[in-house]
Amino acid sequence: MVNEYRRCFITVGTTKFDLLVDTIMTPLVLNSLKKMGCKVVTFQIGNSNFQPGIYDKEGIQINVYRFKDSILDDINSADLVISHAGAGSCLESLEAGKPLLVVVNEELMDNHQIELAEQLQVDGHLYYCTCDTIETTLEMLDFSMLRPFPKPDPTIFLKYLDDVLRVKPKSN
Amino acid sequence: METCAYLTAFLIFSPILVIIVRALYLIYQISTTDSRLMSENSSLRTILCIGSGGHTTELLRLVKNLNFDKYQPRLYILAENDVSSEVKIHKTEQIVPNVNTKYTLGRIPRSRNVLQSFLSSIFSTIYATLFCVPLIFNFKPNVIFCNGPGTCVPICIVAFILRCLFIIDCRIVFIESICRIRTMSLTGKILQFFADIVIVQWPQLRDVCFRAKYFGRLT
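Top to bottom, those sequences are chains E and S. Using full-length UniProt numbering, read the first sequence as starting at 1 and increasing by one per residue. Using full-length UniProt numbering, read the second sequence as starting at 1 and increasing by one per residue.
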């Protein structure tokens with residue numbers, strides 16, 4: 001692989017996702033991250049069952065914290081983002097132009113957020129997997145193949161709105 | 001004696017009948033025309049229904065693009081115990097450097113808490129609906145923006161009933177969340193009959209909702 005992903009940011013959102021935390025902390029997954037050039041992992045764990053702090057495992061520095069007001073800074077400074085399927089963190093990462101791997105929480109039944117991850121994978125903007133397949137996904141997939149996510153464009157919608165909802169022009 | 005009974009019955013039921021006919025007429029008008037609004041003023045009184053978490057972020061990202069001179073004053077309606085949304089609202093309002101426009105916050109009880117049973121959620125929805133009446137009556141909105149949280153159903157229904165009674169003249173703009181790709185949310189399924197403008201953010205959803213409009217991704 002040509003690209004190096006030195007800094008990796010992992011986020012589970014506002015919920016808890018114990019299985020993802022446990023899976024990431026296994027030597028197997030950490031080693032495949034290391035193979036991709038990862039030196040530092042920043043890990044937002046929410047309410048997951050793990051102690052925040054700074055760890056050193058398999059030669060990777062892992063900074064674990066629970067919550068921050070905004071994870072945008074962490075996304076921006078990362079070379080690779082691994083995220084739960086929440087729409088907020090997915091879209092924020094894609095908009096920041098970061099290679100993104102979404103890990104679906106299979107314990108959440110009937111979770112319509114998977115729909116979004118699926119569609120975005122079909123469109124080639126991200127990859128998604130489950131906790132069981134993180135390691136193989138990291139080994140096999142080439143994140144440089146992902147297509148950049150187009151910027152949202154509300155101008156046509158706003159024009160339509162202005163046409164339907166009319167006001168008197170201000171008389172100055 | 002009998003005519004008197006008929007007269008009483010007529011006096012009671014005719015207003016109800018008028019309201020029903022008016023409601024049906026409005027639904028017909030909403031689904032067949034583009035329900036244009038011609039305001040006498042130079043700005044529109046705007047309500048924004050704030051939900052929680054992702055819905056809030058999505059709606060506020062859209063609010064950022066609105067013309068604050070046109071859509072003012074703005075009333076954000078949010079659940080009474082929602083602190084994090086409040087922070088986000090103040091942040092959004094400060095991004096647009098405009099000191100002349102006004103915005104206020106209104107709070108209503110949650111219509112449905114996570115994990116609440118179906119039966120008790122019916123009662124709390126009715127309670128939340130009653131709470132909306134004075135809020136909307138006093139504000140007299142011209143436009144209501146909502147994007148799917150449960151709180152927006154009571155708000156929109158109250159606004160629709162007040163519109164049936166000619167008390168307010170307002171348009172409801174419903175924007176389906178970006179998370180919805182192949183199926184409409186429950187809110188969307190209900191509001192597709194009451195909302196004047198229904199927007200979806202994925203082309204696939206146009207096949208599911210008969211009057212949805214698609215203008216690309218908005219947020």
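Ideal Cβ positions, reconstructed from N, Cα and C, are used throughout, including at glycine. This structure is a prediction, so every number in the text was calculated from the model and none was measured.
Under 7 Å Cβ to Cβ from S:L162, same chain only, skipping five residues before and after it: list those, please. As a working mapping, residue 162 of chain S is identified with position 162 in the second sequence. In the same chain as S:L162, and ignoring 5 residues on each side of it, the C-beta atoms closer than 7 Å to its own belong to I136, F137, I168, in chain order.
Since E:Q113 meets chain S, which of its residues come closer than 9 Å, beta carbon to beta carbon? By one-based count along the first sequence, residue 113 of chain E stands at place 113. G54, C179, listed in chain order.
Quick check on S:E40 - is its C-beta less than 9 Å from some C-beta in chain E? Stepping through the second sequence from its first residue, residue 40 of chain S is reached at position 40. It does: the Cβ of S:E40 has a partner Cβ on chain E nearer than 9 Å.
E:A87 and S:G54 closer than 9 Å at C-beta: Here residue 87 of chain E refers to the residue found at position 87 when the first sequence is read from its first residue. Here residue 54 of chain S refers to the residue found at position 54 when the second sequence is read from its first residue. Contact flag set, yes.
With 16 other Cβ atoms within 10 Å as the buried cut-off, status of E:R6: Start at 1 with the first residue of the first sequence, and residue 6 of chain E comes out as number 6. By the beta-carbon neighbour count (other beta carbons within 10 angstroms, threshold 16), E:R6 is exposed.
Backbone secondary structure at E:M1 - three-state DSSP: By 1-based counting over the first sequence, the position of residue 1 of chain E is 1. No answer about E:M1 holds up, because its pLDDT of 46 lies below 50 and its placement is not dependable.
Residues of its chain near S:A23, where Cβ-Cβ distance is below 6 Å and the 5 sequence neighbours each way are ignored: If you number the second sequence from 1, residue 23 of chain S lands on position 23. Answer for S:A23: C164, listed in chain order.
Contact residues within the stretch 16 to 42 of chain S, judged by C-beta distance below 9 Å to chain E: If the cut-off is 9 Å between Cβ atoms, the stretch 16 to 42 of chain S has D34, S35, R36, L37, M38, S39, E40, N41, S42 near chain E.
In angstroms with no decimal places, state the Cα-to-Cα distance between S:W202 and E:Q113. Within the second sequence, numbered from 1, the residue matching residue 202 of chain S stands at position 202. Within the first sequence, numbered from 1, the residue matching residue 113 of chain E stands at position 113. Going from the Cα of S:W202 to the Cα of E:Q113 covers about 14 Å.
Relative to chain E, which residues along the stretch 156 to 182 of chain S have a C-beta separation below 9 Å, given in chain order? So the list reads R171, V173, I175, S177, I178, C179, R180, I181, R182, given in the order they occur along the chain.
I'd like to check one pair, S:C156 with S:I175: are the Cβ atoms closer than 9 Å? Residue 175 of chain S sits at position 175 when you count from the first residue of the second sequence. Residue 156 of chain S sits at position 156 when you count from the first residue of the second sequence. No, these two residues do not count as a Cβ contact at 9 Å.
Which residues in chain S have a C-beta closer than 7 Å to the C-beta of E:F157? List them in chain order. Taking the first residue of the first sequence as position 1, residue 157 of chain E is located at position 157. In chain order: I199, F215, L218.
Any beta carbon of chain S sitting closer than 9 Å to that of E:M1? If you number the first sequence from 1, residue 1 of chain E lands on position 1. In this prediction, E:M1 has a pLDDT of 46, which is less than 50 and means its spatial position is unreliable; nothing more can be read from the coordinates.
With distance defined between alpha-carbon atoms, name the residue in E:F50, E:P150, E:K35, E:A78 nearest to E:L19. The sequence position of residue 19 of chain E within the first sequence is 19, counting from 1. Nearest in C-alpha terms to E:L19, of all of E:F50, E:P150, E:K35, E:A78, is E:F50.
Counting only the same chain and skipping the five closest in sequence on each side, list residues whose C-beta sits under 6 Å from that of S:T101. Locating residue 101 of chain S in the second sequence gives position 101, counting from the first residue. Hits under 6 Å: F68, Q72.
Taking all protein chains shown into account, do 16 or more other C-beta atoms lie within 10 angstroms of the C-beta of S:Y25, making it buried, or fewer, making it exposed? What you label residue 25 of chain S is simply residue 25 of the second sequence in a count that begins at 1. Classification of S:Y25: exposed, given that the 10 Å Cβ count is below 16.
For a contact meaning CB atoms closer than 9 Å, what does E:P169 contact in chain S? Here the question's residue 169 of chain E lines up with position 169 in the first sequence. Residues of chain S whose Cβ lies closer than 9 Å to the Cβ of E:P169 are, in chain order, S42.
If you reduce the DSSP assignment to three classes, tell me which class E:V102 lands in. Within the first sequence, numbered from 1, the residue matching residue 102 of chain E stands at position 102. Strand, per DSSP.
Relative to the C-alpha of E:Y55, which candidate in E:I10, E:V40, E:N47 has its C-alpha closest? In the first sequence, the residue the question calls residue 55 of chain E occupies position 55. Answer by Cα proximity: E:V40.
Along chain E, in chain order, which residues have C-beta atoms closer than 7 Å to that of S:T57? Residue 57 of chain S sits at position 57 when you count from the first residue of the second sequence. The answer, in chain order, is G88.
Is the stretch 178 to 187 of chain S touching the stretch 208 to 219 of chain S, taking contact as three or more C-beta pairs under 8 Å? Put simply, the stretch 178 to 187 of chain S touches the stretch 208 to 219 of chain S. At least three CB pairs are less than 8 Å apart.
Distance, Cα to Cα, E:K98 vs S:I199? To locate residue 98 of chain E, count along the first sequence from 1; it is residue 98. To locate residue 199 of chain S, count along the second sequence from 1; it is residue 199. Linking E:K98 to S:I199 through their CA atoms gives a straight-line distance of about 28 Å.
Verify the CB distance criterion: does S:V143 have a CB-CB separation below 9 Å to chain E? What you label residue 143 of chain S is simply residue 143 of the second sequence in a count that begins at 1. Yes, S:V143 lies at the interface with chain E (some Cβ there is under 9 Å from its Cβ).
Please classify S:P141 as buried or exposed, where buried requires at least 16 other C-beta atoms within 10 Å of its C-beta. One-based indexing of the second sequence puts residue 141 of chain S at position 141. When all chains shown are included, S:P141 counts as buried.
Listed by chain order, chain S residues near E:P148 by CB distance under 9 Å: On the first sequence, position 148 is the one that residue 148 of chain E refers to. Close to E:P148, with beta-carbon spacing below 9 Å, lies no residue of chain S; the smallest spacing is near 14 Å.
Between the C-alpha atoms of E:L72 and S:E40, what's the straight-line distance to the nearest angstrom? Taking the first sequence and counting its residues from 1, one reaches residue 72 of chain E at position 72. Taking the second sequence and counting its residues from 1, one reaches residue 40 of chain S at position 40. Each residue's Cα considered, the two are about 43 Å apart.
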